[in-house]
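Chemist: This structure is in structure tokens; I'll ask about it shortly.
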Amino acid sequence: MLTIKKLSDVPIKDACEAWNKGFIDYYVNMQMTNSQFAYRLGWDELSPDYSFIAYFNSHPAGIILNGIMTSNGKRVAWNGGTAVAVTFRGKGIARKLMESTMELYDQENVDIASLEAFSINHGAIRLYESCGYHVVDHLMFLKKTGSNEKTRVNFLDLPGFSLHRGLPHEVRDLSFYQHDAPWKTQWNFIRHGESIIMKNCNGEPVAYALYQKSGGKTIIYQCSVDERLPNKLELFQSIIDHLIKTEPHTISTYNLPGKNQLLLDILKRAGFKEEYTDQKVPLKQVLMKKVMI
Numbered sequence: 004m005l006t007i008k009k010l011s012d013v014p015i016k017d018a019c020e021a022w023n024k025g026f027i028d029y030y031v032n033m034q035m036t037n038s039q040f041a042y043r044l045g046w047d048e049l050s051p052d053y054s055f056i057a058y059f060n061s062h063p064a065g066i067i068l069n070g071i072m073t074s075n076g077k078r079v080a081w082n083g084g085t086a087v088a089v090t091f092r093g094k095g096i097a098r099k100l101m102e103s104t105m106e107l108y109d110q111e112n113v114d115i116a117s118l119e120a121f122s123i124n125h126g127a128i129r130l131y132e133s134c135g136y137h138v139v140d141h142l143m144f145l146k147k148t149g150s151n152e153k154t155r156v157n158f159l160d161l162p163g164f165s166l167h168r169g170l171p172h173e174v175r176d177l178s179f180y181q182h183d184a185p186w187k188t189q190w191n192f193i194r195h196g197e198s199i200i201m202k203n204c205n206g207e208p209v210a211y212a213l214y215q216k217s218g219g220k221t222i223i224y225q226c227s228v229d230e231r232l233p234n235k236l237e238l239f240q241s242i243i244d245h246l247i248k249t250e251p252h253t254i255s256t257y258n259l260p261g262k263n264q265l266l267l268d269i270l271k272r273a274g275f276k277e278e279y280t281d282q283k284v285p286l287k288q289v290l291m292k293k294v295m296i
């Protein structure tokens, strides 16, 4: 018999068991201890009150993690992971978890729901589409190792512009901040991160980057310029060149929107290559969204 419960009503060990069994054959390692699982819930602002676990004949069989917040005046929800244990697949458990989530989103007056899925996970994508989600972008993971000897544009070639280093929250109120970016690339999820804001001669922000340094690696989460400006290419190039020159070790992108083709072209010319999992699967995701009615 299948039973769906809120995560807040079950032991943490059951939730962690459902997670580990559901992701045991995943494309990347997602295994966690009970402590790590509990820590991740807080770190990623995923709420047990908004998340569900499926029991099949009293055994933890599946899980879905959800978070909800208000962003840019809208009630926004995100899926932090959906998985069903191998031995319980084919029983409609993932659909029941999604149905419970959609009911909760309605109760919580969610305006927009989002999630990411591996591009090759066609079964999951079909499930999400049947629940009203649509693919709105393709997300890229690129990596560059080592310093860049010959950058195309030097920051000093853009007179009148200045760079200002700060913390992630300093970009949140910029008029061109990417509120619709994937949830884990938003400023409030980049713990111990940093920001760069480029300003023109009048002190007006024209571009920014959000990134994080960890274990000898720099991860770029967002890089954006004011779309109204004619010199977007030079502004993108200057920020990327600056990061390459000041962070000469491994630099990678995380869930970089594929629709930002200008930035992608600059990164690839700078030597960034597409990443793969240990199983040689392309590290690419789709961004899916649903406008709640």
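For the sequence shown, this note's numbering assigns the number 4 to the initial residue and increments by one for each residue that follows.
Glycine included, C-beta positions come from ideal geometry on N, C-alpha and C.
Model, not experiment: these values are computed from the prediction.
#1: For S255 and F144, I'd like the C-alpha separation in whole angstroms.
#2: To which residues of the same chain is L10 closer than 7 Å at the C-beta, ignoring the five residues directly before and after it?
#3: Counting pairs of beta carbons, one from the segment 236 to 243 and one from the segment 110 to 129, are three or more of them closer than 8 Å?
#4: Per DSSP, what kind of secondary structure is F239 in: helix, strand or coil?
#5: With 16 other CB atoms within 10 Å as the buried threshold, where does K276 fall?
#6: Please tell me whether W190 and P171 are closer than 7 Å, where the distance is taken between their beta carbons.
#7: Using a threshold of 7 Å, state whether the C-beta atoms of D140 and P260 are closer than that.
#8: Quick one: measure Cβ to Cβ for L161 and H245, integer angstroms, because I've assumed they're closer than 8 Å.
#9: With distances taken Cα to Cα, identify the nearest neighbour of Q181 among L267, E230, P14 and K147.
#10: Secondary structure at D12, three-state DSSP: helix, strand or coil?
#11: Using 7 Å as the threshold, is the C-beta distance between I66 and A86 below it?
#12: With contact counted as at least three CB pairs below 8 Å, one residue from each stretch, are the segment 197 to 207 and the segment 83 to 101 in contact?
#13: Which residues mark the beginning and the end of the beta strand (DSSP E) in which W81 is found?
#14: With a cut-off of 8 Å on the beta carbons, I'd call G219 and H252 a contact; round off their distance for me.
#15: With respect to the alpha helix (DSSP H) encompassing M101, which residues constitute its N-terminal and C-terminal limits?
#16: By how many angstroms is the C-alpha of Y211 removed from the C-alpha of K153?
#17: To the nearest angstrom, how far is it from the Cα of R155 to the Cα of P185?
#18: Within 10 angstroms of its Cβ, does Q288 collect 16 or more other Cβ (buried), or is it exposed?
#19: What is the rounded straight-line gap between the Cα of K147 and the Cα of M35?
Modeler: Put simply:
#1: By one-based count along the sequence shown, residue 255 stands at place 252. By one-based count along the sequence shown, residue 144 stands at place 141. Their backbone Cα atoms lie some 7 Å apart in a straight line.
#2: The count along the sequence shown starts at 1 and reaches residue 10 at position 7. A18, P51, S54, F55 and I56.
#3: Flag = no, the segment 236 to 243 and the segment 110 to 129 do not touch.
#4: Along the sequence shown, read from residue 1 onward, the residue named residue 239 stands at position 236. Helix.
#5: What you label residue 276 is simply residue 273 of the sequence shown in a count that begins at 1. So K276 counts as exposed.
#6: Reading the sequence shown from its first residue, position 187 is the one you call residue 190. Reading the sequence shown from its first residue, position 168 is the one you call residue 171. Yes, the Cβ-Cβ distance between W190 and P171 is below 7 Å.
#7: Within the sequence shown, residue 140 is the residue found at index 137, counting from 1. Within the sequence shown, residue 260 is the residue found at index 257, counting from 1. Taking C-beta atoms as the reference points, D140 and P260 count as a pair closer than 7 Å.
#8: Position 158 of the sequence shown, counted from the start, is the residue given in the question as residue 161. Position 242 of the sequence shown, counted from the start, is the residue given in the question as residue 245. Going by Cβ atoms, the distance from L161 to H245 rounds to 11 Å, so no, they are not a contact pair.
#9: Translated into the one-based positions of the sequence shown, residue 181 becomes position 178. In terms of Cα proximity to Q181, the closest of L267, E230, P14 and K147 is E230.
#10: As a position in the sequence shown, residue 12 is number 9, starting the count at 1. Assigned with DSSP and collapsed to three states, D12 falls in helix.
#11: Start at 1 with the first residue of the sequence shown, and residue 66 comes out as number 63. Start at 1 with the first residue of the sequence shown, and residue 86 comes out as number 83. Between I66 and A86, the C-beta gap is smaller than 7 Å, which places the two residues in contact.
#12: In short, these stretches do not touch, since the Cβ pair count stays below three.
#13: Position 78 of the sequence shown, counting from 1, holds the residue named residue 81. K77 to V87 is the span of the beta strand (DSSP E), which, as asked, contains W81.
#14: Here residue 219 refers to the residue found at position 216 when the sequence shown is read from its first residue. Here residue 252 refers to the residue found at position 249 when the sequence shown is read from its first residue. Correct: roughly 5 Å between the Cβ atoms.
#15: The sequence position of residue 101 within the sequence shown is 98, counting from 1. Element bounds for M101: I96 to Q110.
#16: Along the sequence shown, one-based indexing puts residue 153 at 150. Along the sequence shown, one-based indexing puts residue 211 at 208. Only weak support exists for where K153 lies, its pLDDT of 48 falling under 50; the coordinates are left without a value.
#17: Along the sequence shown, one-based indexing puts residue 155 at 152. Along the sequence shown, one-based indexing puts residue 185 at 182. For R155, the pLDDT reaches just 45, beneath the cut-off of 50, and the residue's location in the model is therefore unreliable, leaving the point undetermined.
#18: Along the sequence shown, read from residue 1 onward, the residue named residue 288 stands at position 285. Counting C-beta atoms within 10 angstroms of its own C-beta, Q288 has 16 or more neighbours from the protein chains shown and is therefore classed as buried.
#19: For the purposes of this step, residue 147 is identified with residue 144 of the sequence shown, where counting begins at 1. For the purposes of this step, residue 35 is identified with residue 32 of the sequence shown, where counting begins at 1. Whole-angstrom Cα-Cα distance: 28 Å.
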